[in-house]
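Protein chains in written order, with the working numbering: chain L, 49 to 407; chain D, 88 to 365.
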């Protein structure tokens with residue numbers, strides 16, 4: 049049987065990738081050092097209002113320095129890049145933290161934690177100091193006011209229960225439509241199916257890039273776009289969840305397709321089946337149960353997201369939460385929070401049990 | 088096959104049951120379509136309202152690039168801090184929340200309490216936690232980190248303790264047989280079995296936290312989302328587009344690195360097995 053030529057990237061790309069990652073890591077270490085110098089020395093002793101900036105020669109020095117550090121790290125076996133992208137054998141009887149690259153990794157983590165503590169303005173004392181400010185919040189949560197559960201709230205023209213049903217149906221619609229759209233995309237984004245010829249390869253890259261970009265933008269940001277597009281309401285939220293689910297499911301699905309077993313495929317191929325017949329009878333039966341599990345998992349995520357998508361005009365129960373919160377009506381906020389938590393919990397439980405049964 | 092016979096044995100009933108389930112799902116779908124009023128034609132009809140947005144993609148305002156990169160780094164640190172601070176809490180709680188390790192009545196009570204609390208905290212989105220923490224410690228990256236932290240602790244506790252529950256009892260019993268106490272059993276019988284899954288889950292959670300950190304700013308949790316949302320509210324799309332592009336690059340990169348590392352951890356550092364290709 050004629051097999052199409054397999055397309056592979058040139059070999060040197062594989063050697064360059066670990067080096068680039070190493071360079072990035074060393075550049076990052078240089079950044080953390082300059083950051084710490086700035087916060088502990090420059091702003092303390094030189095110029096309180098200023099920021100430590102590098103002179104032009106400092107930049108050149110940093111670039112050359114990190115470049116040579118990256119080169120040297122491969123030589124001395126402390127390359128995290130090699131460990132991450134290519135495999136480096138660990139010396140036997142040695143914990144990973146004691147290997148050379150392990151020490152580099154630990155240094156990275158420690159520096160990141162240190163710089164992170166300063167950049168994110170961590171101030172543990174504030175939690176204790178401002179705890180009394182949250183008193184009304186906790187008292188609201190412990191004395192929930194369920195009046196609008198079945199009575200229409202005149203401001204929002206809906207009941208909490210009604211918007212709760214909206215929320216669940218939003219997630220349901222988004223999952224079903226997203227799942228249906230994701231199935232063909234998942235096949236187009238599977239390396240083993242689309243890896244044969246140049247033409248298929250190009251489709252593969254476009255599909256993958258498309259759903260990686262769509263997936264990288266959170267559903268909440270999509271909701272902003274759709275709220276501008278078709279106006280506020282549950283439909284905008286559903287579209288946002290739908291497009292994000294579609295991309296996320298397509299990615300999971302294509303990975304599933306990539307990991308399917310050779311046997312049934314070869315069996316179908318040996319009967320002289322065409323490309324599409326091989327996909328239909330060799331690949332599809334192998335992925336359906338797993339795909340159903342992904343759908344259930346996604347439904348779970350979508351319900352969670354649907355509870356807050358109202359923040360940007362996506363409709364659902366979040367509308368009540370954010371409205372009552374803006375009114376500082378903590379007792380009603382407490383009621384809505386309890387309902388959200390209960391529903392998410394129940395659906396999480398059901399979806400988990402159903403997934404256990406399928407897989 | 089045994090399974091097959093069972094299914095064939097009650098063929099008509101199974102078929103009927105599946106039909107009913109399918110009909111229910113379809114009915115729910117149709118009802119949902121009308122209830123939510125999901126109208127695809129609206130996307131075409133109202134396209135003009137987004138022209139300003141799409142045209143901004145053609146000419147982004149790159150003057151905010153420097154500011155955006157700074158915020159991006161801050162966002163990454165937020166996600167890192169939340170994950171790193173959640174890890175020790177989750178590790179301790181995961182042992183307390185594992186059914187197979189908590190046998191005595193008191194231990195069972197602790198187990199129920201830990202798992203119950205983790206479930207409740209996990210059911211509330213980080214965005215809602217961020218609102219609570221903004222009230223508590225005021226706007227900025229700090230409440231964002233706290234919100235991601237508390238959700239991560241609960242989520243990681245659940246994932247970790249499920250992992251502990253599924254460990255192989257063989258090594259544990261072997262070490263117990265040597266007369267070792269509980270601590271030694273934990274160190275030599277349990278930990279070697281769970282360290283790789285724990286690392287893998289932590290990386291997965293870091294990935295989720297990076298995604299969440301990009302939107303937690305909408306409610307005042309700091310990071311790039313805060314600036315992005317303020318640009319959108321000011322209808323300043325060319326600047327918002329730059330922020331969006333930066334978010335996409337970061338999330339994509341972290342997702343790639345995280346999944347690459349997880350794959351490496353799960354396969355024990357070995358090469359990925361060669362799949363098939365058509």
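Virtual Cβ for every residue (Gly too), placed ideally from N, Cα, C.
Item: Cross-chain neighbours of residue 167/D in chain L, by beta carbon under 8 Å; Value: 160, 161 and 164
Item: Cβ separation of residue 287/D and residue 349/D, assumed to be a contact under 8 Å, to the nearest whole Å; Value: 5 Å
Item: Other residues of its chain near residue 121/D: CB distance less than 6 Å, five sequence neighbours each side excluded; Value: none
Item: Complete alpha helix (DSSP H) runs within the region 289-337 of chain L (minimum length 4 residues, chain order); Value: 310-318 and 323-326
Item: Option in 105/D, 174/D and 111/D with minimal Cα separation from residue 55/D; Value: Residue 55/D lies beyond the stretch modelled for chain D, which goes from 88 to 365, so this question has no answer here.
Item: Where residue 397/L falls, given that 16 or more other Cβ within 10 Å makes a residue buried; Value: exposed
Item: Residue burial classification, residue 91/D (beta-carbon count within 10 angstroms, cutoff 16); Value: The pLDDT assigned to residue 91/D is 47, lower than 50, so where the model puts this residue is not dependable; a value taken from the coordinates is nonetheless given after this. Classification of residue 91/D: exposed, given that the 10 Å Cβ count is below 16.
Item: Where the alpha helix (DSSP H) through residue 92/L begins and ends; Value: Run containing residue 92/L: none; DSSP gives neither H nor E here.
Item: Beta-carbon spacing of residue 283/L, residue 362/L below 7 Å; Value: no
Item: Cβ of residue 392/L within 7 Å of any chain D Cβ; Value: yes
Item: Spatially closest choice to residue 369/L from 385/L, 290/L and 161/L, by CA coordinates; Value: 385/L
Item: Coarse secondary structure for residue 377/L, derived from DSSP in three states; Value: coil
Item: Beta carbon proximity, residue 324/D to chain L, threshold 7 Å; Value: no
Item: Cβ neighbour criterion (16 or more within 10 Å) applied to residue 146/D; Value: exposed
Item: Residue 101/D classed as buried or exposed, judged by whether at least 16 other C-beta atoms fall within 10 angstroms; Value: exposed
Item: Residue burial classification, residue 103/D (beta-carbon count within 10 angstroms, cutoff 16); Value: exposed
Item: Residues of the region 201-232 of chain D with Cβ closer than 7 Å to any Cβ of chain L, in chain order; Value: 206, 207, 210, 211, 212, 214, 215, 218, 219, 222, 223, 224, 227, 228, 229 and 232
Item: Min CB distance residue 110/L to chain D below 7 Å; Value: no
Item: Any chain D beta carbon closer than 7 Å to residue 266/L; Value: yes
Item: CB contact below 7 Å: residue 367/D versus chain L; Value: No information on residue 367/D is available, as it lies outside the stretch 88 to 365 that chain D covers here.
Item: Any chain L beta carbon closer than 7 Å to residue 119/D; Value: yes
Item: Straight-line Cα distance separating residue 305/D from residue 223/D; Value: 17 Å
Item: Per-residue DSSP class, three states only, for residue 91/D; Value: Here the model assigns residue 91/D a pLDDT of 47, short of 50, so the residue's position is not dependable, and the following value carries that caveat. In the structure shown, residue 91/D sits in a helix (DSSP, three-state: H, G or I).
Item: Any chain D beta carbon closer than 7 Å to residue 301/L; Value: no
Item: Distance, residue 237/L Cα to residue 249/L Cα; Value: 9 Å
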